[in-house]
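**Q**
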Amino acid sequence: MARLIASIGIAHAPGVTGWIDKAPPHEQEAVLAGYAEFGRRMDELKPDVVIGVANDHLLNFSMDNIPDFCVGIGDEWAGPAPWFRDWLNVPDYRIGGHRPLARALVRESARAGINHAFAEELLFDDNWSVPLKFLFPRYDVRFVPIHMNPIVPPVPSAAKCLEVGRQIARIVQAFPGDERVVLMGTGGLSHDPGGPDYFTVHEDFDRWFMALMESGDTERAGRELTMDKLLSGGDGGAGELLSWVVAMGAAAELGRPKAESVFYVPSVPMRCGMGGSYWDLS
């Protein structure tokens, strides 16, 4: 059977590839060192498949018709979407998909009472282009993207995100094959794209959230991560941390809910709290 060997929550802010030179040297060094550490761990683990969960940013779905979760079932993916190429400063890339596992995620989740949309084609922006560049720079893994809605009400609750993560772990562990799988939730930390807090990083919120991931307390996460609480970290930005909650749920299903905080840098020039949490499931 396949195995889930790690779960990740990591920022995907476009500033880290698009305008990192605007940040002071110590912030640049700390952020790049954090991503490099995740890359080192992925080199060591050598996963066959990465399942990603991240904000769609309204790139593929309109505000009046956006699913909670949409699983990409295609055989190959390409990015960045044309509009994002210059902004992100990430070269064009292609990465293979894993149709059988993606279809299993849709099918078996539905049997468990969680209905996901699915799509053969999806556009990629910073949601995948940033973390893939640093963690899998050779694009030599197979990738299953899950685009989620953490910004347009009604958004999935933290409790639902935990259960989605648990279900992903169950499905992976039951999947016939010998694939080594990593679950990667991307987004956050505190930021407010284009809003009144665009040039503000809520460091207290970020550290509170990462400490919550460290605690492994899923009941508390489900109870305290309300939309009002997420909005305190930035309207339209901090809600992306629900993808990390999916990652936490998967780790909890395997009995390893306590995360390690790998790095955190509150960077106003990058307009985001930059950081990452890691659950070792190997």
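The opening residue of the sequence shown carries number -15 in our numbering; numbering runs sequentially from there.
Think of the CB as a built atom: it goes at the ideal place given N, C-alpha and C, for glycine as much as any other residue.
Computed from a predicted structure; not experimentally measured.
How big is the Cα-Cα spacing for M258 and P129?
**A** In the sequence shown, residue 258 corresponds to position 274, counting from 1. In the sequence shown, residue 129 corresponds to position 145, counting from 1. Going by the C-alpha atoms only, they are around 21 Å apart.
**Q** N49: buried (16+ other C-beta within 10 angstroms of its C-beta) or exposed?
**A** Residue mapping note: residue 49 aligns to position 65 of the sequence shown, counting from 1. Answer is exposed; the Cβ neighbour count stays below 16.
**Q** Among H131, W263 and P84, which has the Cα closest to the Cα of A(-14)?
**A** Looking up residue -14 in the sequence shown gives position 2. Selected option, being the one with the closest Cα: P84.
**Q** Smallest Cα separation from A143: which of G260, S227, Y182 and F159?
**A** Along the sequence shown, read from residue 1 onward, the residue named residue 143 stands at position 159. Measuring from the Cα of A143, the nearest candidate turns out to be S227.
**Q** What did DSSP end up calling Y182 once you bin it into helix, strand or coil?
**A** Walking along the sequence shown from the start, residue 182 turns up at place 198. DSSP places Y182 in coil when its eight states are reduced to three.
**Q** How is T1 classed by DSSP in three states: helix, strand or coil?
**A** Against the sequence shown, residue 1 aligns to sequence position 17. Three-state result, T1: helix.
**Q** With a threshold of 16 other CB atoms inside 10 Å of the CB of T210, please say whether the residue is buried or exposed.
**A** Position 226 of the sequence shown, counted from the first residue, corresponds to residue 210. Counting Cβ neighbours within 10 Å, T210 comes out exposed, since fewer than 16 surround it.
**Q** The alpha helix (DSSP H) that contains P84, what's its start and end?
**A** Residue numbering aside, residue 84 sits at position 100 when the sequence shown is read from its first letter. Per DSSP, P84 belongs to the alpha helix (DSSP H) from R83 to R95.
**Q** Would you identify the three-state DSSP class for R(-13), choosing helix, strand or coil?
**A** Residue mapping note: residue -13 aligns to position 3 of the sequence shown, counting from 1. Three-state result, R(-13): strand.
**Q** Give the straight-line distance between the Cα atoms of M232 and D40, rounded to the nearest whole angstrom.
**A** As a working mapping, residue 232 is identified with position 248 in the sequence shown. As a working mapping, residue 40 is identified with position 56 in the sequence shown. Computed Cα separation, rounded: 20 Å.
**Q** Would you check if there are 3 or more beta carbon pairs closer than 8 Å linking the stretch 187 to 199 to the stretch -4 to 13?
**A** In short, these stretches do not touch, since the Cβ pair count stays below three.
**Q** Count the CB pairs spanning the stretch 146 to 161 and the stretch 91 to 106 that are closer than 8 Å, and state whether there are at least three.
**A** Short answer: they touch.
**Q** Hey, how far is the Cα of V125 from the Cα of V139?
**A** Here the question's residue 125 lines up with position 141 in the sequence shown. Here the question's residue 139 lines up with position 155 in the sequence shown. Going from the Cα of V125 to the Cα of V139 covers about 30 Å.
**Q** For L238, which residues from the same chain have a beta carbon less than 6 Å from its beta carbon, with the 5 sequence-adjacent residues on both sides left out?
**A** The residue labelled residue 238 in the question sits at position 254 within the sequence shown. Cβ within range, chain order: A153 and L265.
**Q** Under the three-state reduction of DSSP, which class applies to R25: helix, strand or coil?
**A** Here residue 25 corresponds to residue number 41 of the sequence shown, with the count starting at 1. Here R25 sits in helix by DSSP.
**Q** With 16 other CB atoms within 10 Å as the buried threshold, where does E224 fall?
**A** Residue numbering aside, residue 224 sits at position 240 when the sequence shown is read from its first letter. With 16 or more other Cβ atoms within 10 Å, it is buried.
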